[in-house]
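Chains as they are written, first to last, in the numbering used here: chain A, 291 to 585; chain B, 291 to 585; chain C, 291 to 585; chain D, 291 to 585.
Backbone N, C-alpha and C fix where the C-beta goes; we use that ideal spot for every residue, glycine too.
Number of protein chains: 4
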Amino acid sequence: MIRTDLAIENKEMYDAKNNGQKIEIPGVEVDTDSYEEGINVTRIKIADENGSAVMQKPMGSYITIELPKAANGAEDLKKVAAKAVGNELKKLVPFHYHLKVLVIGLGNEKVTPDALGPHTVSKIRVTRHLFLLYNVDGDEEQGCVSALCPGVMASTGMESAELIQGAAQIAQPEVVLAIDALAARNVERIGTTIQITDTGISPGAGTGNMRKNLTEESIGRKVIAIGVPTVIDAGTMVLDSLSGYLSDAAEAEKYLDDTGLEMIVTTSDIDQSIHDFSEIIADAINIALHPGIYS
Amino acid sequence: MIRTDLAIENKEMYDAKNNGQKIEIPGVEVDTDSYEEGINVTRIKIADENGSAVMQKPMGSYITIELPKAANGAEDLKKVAAKAVGNELKKLVPFHYHLKVLVIGLGNEKVTPDALGPHTVSKIRVTRHLFLLYNVDGDEEQGCVSALCPGVMASTGMESAELIQGAAQIAQPEVVLAIDALAARNVERIGTTIQITDTGISPGAGTGNMRKNLTEESIGRKVIAIGVPTVIDAGTMVLDSLSGYLSDAAEAEKYLDDTGLEMIVTTSDIDQSIHDFSEIIADAINIALHPGIYS
Amino acid sequence: MIRTDLAIENKEMYDAKNNGQKIEIPGVEVDTDSYEEGINVTRIKIADENGSAVMQKPMGSYITIELPKAANGAEDLKKVAAKAVGNELKKLVPFHYHLKVLVIGLGNEKVTPDALGPHTVSKIRVTRHLFLLYNVDGDEEQGCVSALCPGVMASTGMESAELIQGAAQIAQPEVVLAIDALAARNVERIGTTIQITDTGISPGAGTGNMRKNLTEESIGRKVIAIGVPTVIDAGTMVLDSLSGYLSDAAEAEKYLDDTGLEMIVTTSDIDQSIHDFSEIIADAINIALHPGIYS
Amino acid sequence: MIRTDLAIENKEMYDAKNNGQKIEIPGVEVDTDSYEEGINVTRIKIADENGSAVMQKPMGSYITIELPKAANGAEDLKKVAAKAVGNELKKLVPFHYHLKVLVIGLGNEKVTPDALGPHTVSKIRVTRHLFLLYNVDGDEEQGCVSALCPGVMASTGMESAELIQGAAQIAQPEVVLAIDALAARNVERIGTTIQITDTGISPGAGTGNMRKNLTEESIGRKVIAIGVPTVIDAGTMVLDSLSGYLSDAAEAEKYLDDTGLEMIVTTSDIDQSIHDFSEIIADAINIALHPGIYS
């Protein structure tokens, strides 16, 4: 009933059940790394179905980049973070002369904690039309990049996944790169954590009112997802605040069900987080996809 | 420790302590009324200090307009609601030939649940520059209206109240009319309730990260505030969900303090609420201040 | 070399060549009508290829709705205008139980005079997802409406027409209804004229930097276009200002070519025009497509 | 009748009258400099009233930074440009421990070519509230910066200059730094030129519908203005296109007067220019005012 989109939090919950001991899970490989400015990387690989069952996540790679809590205006930290994310992304999407990528900004531009995708996409370098204009099929300095913000169903009346499939048929990308706002369990992860995964986005993920399903299976192309937690599920927060008081949490959850409204919990400076992280991720994508222009 | 900006919720909590009985409070007058389309009005007048102490609100008038939960696209309901709010507003700000009003849109335009004020102000009819242009000191059809969105301190480095005082010295209004997003206790009030009060806005009110104080005392002019609840305080939600389980709520609140972050709880369709209620309130203000043009 | 997207201006130019006499053109039928508040309608039908050659426009119907120049805040005029446009639109898209429409907001949301389409689309009632949710194939009160703002090629890297085709395959509409900003010859048409046509949108139309082609031929479905002039082509303005001075205008146009930049001419209050006309057109569309809800 | 806000264009027109010879004007000092990436600087100092009369500009310093025409995505050029502008700005506003600056974003956020000021201000580091919070009166790394976007008179009903004076009384800055969109004569200057001046902003300057007057005389504090040309005056364009054909330009201008509308001419990719130049200028301001944080 605790909900999180972050593989690293599933691992933390597993460890917590074992009294905080970091126990190895069969089928789950974990290694850690670090960058300058106190940036840490944890790479979790869920290698088999046992690992998937224990971690409650699909098989695949989950890379978590953790930033120290930043003072406003920490420009140096943002630059190092962009390089770190760009570097990790390059491993999943290696640059080559014919690289074609479709970048998708998921979420609702008009709801601040859900606007990470559209904000990020507005800052990336789109090039596919230039490749068409000059009639070239590749470039040594930059990838052939197209982009789409499919909006939300309440605005379009259409499923995002169907619109993305339409765009993929036009642009014929090798990789779909989807940016999305995520739900975390721990409020401290808001504004400090970035997750990259090659498993795409599963239904039920994200900040709330969307049925999303963006995986290699549904789209027919490799899907890399980059996400940043911007909300905590209201039920998760209530349950966490009750832990220690109750053995049976089910009743407490009733409070939320009774309201009959979907609620989200976020921080009051979420606009600044969305601004900063859309810049970091857009820079990272530009670095990974256009290595001759950004560095 | 339960936090609400709505006088009607203070009254409800008082009644709840008395097992749901609606008991008269000395110094507090309550009367009710209704409009078409299922719209109800409750007028609470806190007439003396005893009433103020029991209600935990400053002395003055609090008018609550409650809309039925509306399906998306309920255009008729929105029109009736605008007329109802305009009608109640006219009683506090009667139109006359020399009427001068300064409308203030409080809050952060970039954080959806805090953006009610700026969105509303962008839709009202501003006329003061026309009065200057044609060099007239009054009009039979419309008021002399100026408007300001003072932004938030993190963007300007200045207190909103000081900027508003500066604008009041320029425009010399008879009334300052401030629009703000509010915090409610009950999530069902989000998107269904409007409060008008002649007590202005007290420090600590609103959606979170602002020190606000906009009262006749601080500004030197009559201040009417129109507010709509768009968030629930995270602490309030946790406490409410714990009620029945704990006698001592203080410990539970520790969960929130420990996170060290200010959190807000809102509904996942808050963008639609902000859109609808900014239209309703802007229409109501136009009806009240420009009776010869809007009706 | 004079450029206009308005059929009524082609007719005016033809008449001007004939010393202002309104001469009948074989293959072109013209009739006029009027609504309240000084709103006039001119219906031009280009019935054969001779008419098309003389008018320099594809065969089809062109309905021009002309509003008197409005003072700011002319709410009554806007309401009558919305009803007039809705009424004319109903004749081209009659409502029925199974009506399915895909509404397209063409243009660049970030360039004010090009933003009419996206602004209009954000205000229409989208319903297709509700039809899916309740699993119904029609309704007596409202149409099954989906919507898309395909953006501009510089932002997506993809042709708008291809993205629209993708959406049409998803939504399977009977009619595609496209909203676009247009170029006029006469600056007085900015903010006063609306054109509805069943010929769609031809390449080279619109406000500037887009290759557009949205016709029944290219999309495979009936395309109705609603447009409002928001710019004058810079070359057209220069040529018009030179008329009377020069017999050979070609040289004057060199000035523009030499600059090597695409320029647009617009009015300095274009933001207010975009605001007002997106409301008028969105209301008109809601009235035509959802007759049981809007009127 | 030719209108330009750029001192360098007044100089060019003077030279043009002298058959292109660069003649020294008594009371006007000109020197040039250059930065990397093909960036040129021209510093014009109007030292006396003769110079002012010939140049048709108030006495003071006018620094013009000219960028080569940039391909989209020229990130390196933008970085060098920000450093060049920051460097020139530092000479007019030297950093010191007690530096207090009020940054003003002039113009209408909703009209793309007029939105340079608000876009720039949204990207600068505002710190005054932190100085208040920590109760310090200076800092070795960063200035005490406040910011205001006063909007336009049609939205507020109040003169920008009066609102700015109110803010200056609150923040008590040593310098007011105003960002504004300018009018140029030559369309090639759109998106390539930045002007810094210590003469403030005179009435009649800017992109159109504003009466602006922001000078040391009107505000009582040193005013530095940073501007970027984003429009050409429609009359100027017509007159320029007629030059060579007519000896008497006055009649041609009648075309524009007759339309009775204020028109502006801009480039069709003005949104990209506003985006790029607001980043360059915001970076430059951050570099100049917060030298310990940005470089």
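Local Cβ density within 10 Å of residue i, reported as buried at 16 or more and exposed below that
| i | result |
| --- | --- |
| Q485/A | buried |
| A343/D | exposed |
| M500/D | Unreliable positioning characterises M500/D in this predicted model, as indicated by a pLDDT of 49, which lies under 50. The coordinate reading is nonetheless provided below. That one is buried. |
| G395/B | buried |
| G510/B | exposed |
| T487/C | buried |
| S585/D | exposed |
| G328/D | exposed |
| H409/A | buried |
| V477/D | buried |
| V324/C | As written in the sequence, residue 324/C is Ser, which differs from the Val given in the question. S324/C should be labelled exposed. |
| K307/B | exposed |
| E319/A | exposed |
| K359/D | exposed |
Cβ-Cβ separation, residue j to residue i (assumed contact under 8 Å), whole Å
| i | j | result |
| --- | --- | --- |
| V383/B | V465/B | 5 Å |
| M448/A | A371/C | That pair is no contact at about 30 Å. |
| D373/C | N300/C | According to the sequence displayed, residue 373/C carries Lys and not Asp. Not a contact, Cβ separation roughly 27 Å. |
| I313/A | M303/A | Contact flag wrong, Cβ pair sits at about 12 Å. |
| G317/A | D338/A | 4 Å |
| P440/A | L453/A | 4 Å |
| A578/A | G376/A | 5 Å |
| I575/A | I414/A | 5 Å |
| N503/D | A451/D | 6 Å |
Chain-ordered neighbours of residue i on chain D, where CB pairs are closer than 9 Å
| i | result |
| --- | --- |
| R418/B | M443, T446, G447, M448 |
Chain-ordered neighbours of residue i on chain C, where CB pairs are closer than 8 Å
| i | result |
| --- | --- |
| A524/D | M527, V555 |
Interface residues of chain B facing residue i [CB-CB closer than 8 Å]
| i | result |
| --- | --- |
| Q459/D | G456 |
| E326/C | Simply none; closest approach about 17 Å. |
Reference residue i, options the options, closest by Cα
| i | options | result |
| --- | --- | --- |
| M443/C | G510/A, H419/A, G441/A, K373/A | H419/A |
| I480/C | L453/D, M553/D, T520/D, V435/D | M553/D |
| G490/A | S351/A, I334/A, G341/A, I298/A | S351/A |
| T483/C | G407/C, V401/C, E356/C, K335/C | E356/C |
| V416/B | N425/B, I522/B, Q432/B, H388/B | Q432/B |
| Q459/D | Q455/B, A437/B, Q462/B | Q455/B |
| Q462/C | K390/C, M345/C, A306/C, S558/C | K390/C |
| V521/C | A515/C, D561/C, E506/C | D561/C |
| D573/B | V331/B, A297/B, L379/B, E319/B | L379/B |
| S445/B | S412/D, E365/D, A515/D | S412/D |
| A474/D | L467/D, T556/D, D566/D | T556/D |
| T505/C | E569/C, M349/C, F385/C | M349/C |
| K381/C | R333/C, L472/C, T402/C | R333/C |
Contact list for residue i against chain D, beta-carbon separation under 7 Å
| i | result |
| --- | --- |
| A451/B | Result: empty, since nearest Cβ-Cβ is about 10 Å, beyond 7 Å. |
Chain D contact residues for residue i, given Cβ-Cβ distances below 8 Å
| i | result |
| --- | --- |
| E552/C | T557, S558, D559 |
Partners in chain C for residue i, counting only beta-carbon separations shorter than 7 Å
| i | result |
| --- | --- |
| T410/D | Ordered by position in chain C, no residue passes the 7 Å Cβ test against T410/D, which lies about 16 Å from the chain. |
| I414/B | Simply none; closest approach about 10 Å. |
9 Å Cβ cut-off: residues of chain A touching residue i
| i | result |
| --- | --- |
| Y304/D | None at all; the shortest Cβ gap to chain A is about 41 Å. |
CB contact check: residue i to chain G, cutoff 9 Å
| i | result |
| --- | --- |
| I583/C | The structure shown has no chain G; the protein chains it does contain are A, B, C and D. |
Cβ-based contacts, 9 Å cut-off: residues of the stretch 558 to 581 of chain B near chain A
S558, D559, I560, D561, Q562, I564, H565
Can you give me, in chain order, the residues of the stretch 420 to 438 of chain C that have a beta carbon less than 9 Å from any beta carbon in chain A?
Listed by position along the chain: L420, F421, L422, C434, V435, S436, A437, L438.
Closer than 7 Å, Cβ to any Cβ of chain B: which residues of the stretch 387 to 400 of chain A, in chain order?
N398, K400
Please list, in chain order, the residues of the stretch 477 to 490 of chain B that have any C-beta partner in chain A closer than 8 Å.
V477, E478, I480
Members of the stretch 308 to 340 of chain D that neighbour chain C once the beta carbon cut-off is set at 9 Å
none
Which residues of the stretch 365 to 384 of chain D have a Cβ closer than 9 Å to any Cβ of chain A? Give them in chain order.
E365, D366
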